[in-house]
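Presented below is the structure to which this report refers.
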Amino acid sequence: MSCVFCKILKGEIPSEKLYEDEDMFIIRDIDPKAEKHYLMIPKRHYKLIADMTKEDGLAFQRAIRKIPTLTENLGLQSGYRLVINQGDDAGQTVFHLHVHILAGQPLDFPDLRKK
Ligand code: AMP
Ligand code: ZN
-6 MSCVFCKILK GEIPSEKLYE DEDMFIIRDI DPKAEKHYLM IPKRHYKLIA DMTKEDGLAF
54 QRAIRKIPTL TENLGLQSGY RLVINQGDDA GQTVFHLHVH ILAGQPLDFP DLRKK
């Protein structure tokens, strides 16, 4: 298994875990796209929302509901955006489901259509 997030979870790639519980861990994105850019990564490896088991769904619900309790620790008080890239058009590059947490500045919401 050559998944970078599984390797981080196992400690095979060093990374500072800003938060961790039985369901997920949170790290800083190595290539930030906003002043604050974190990744919330479920511990179990699966690629897509479509691949979630019922248990994965329950773990994901717990994980996503944890984020608002971490606003002070992560500096999300002024708001934040969650992004989940799924598949080719979204440009998913790591095939282990993860939630981008973007914050720390006003966040553009660009019109991506080709004009
Ligand atoms: P996505 O394009 O949605 O699949 O997002 C994958 C994200 O993982 C990208 O924003 C990368 O910058 C990030 N990433 C890849 N490798 C690492 C790493 N070793 N530590 C932290 N973030 C990483
Ligand atoms: Zn993985």
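Okay, so the sequence shown: first residue is -6 according to the numbering used here, each after it adds one.
Glycine included, each C-beta is placed from N, C-alpha and C at the ideal position.
Note that this is a predicted model, so its numbers are computed, not measured.
For this session: Within 10 angstroms of the Cβ of residue 94, are there 16 or more other Cβ atoms? Answer buried if so, exposed if not.
Result: buried
For residue 75 versus residue 87, is the C-beta spacing smaller than 8 Å?
-> no
**Where the beta strand (DSSP E) containing residue 21 begins and where it ends** = 17 to 21
- Query: If you count every other CB in all the chains shown that lies within 10 Å of the CB of residue 32, and 16 or more means buried, which is it?
  - Reply: buried
- With a threshold of 7 Å, establish whether the CB of residue 30 neighbours any heavy atom of the ligand ZN. no
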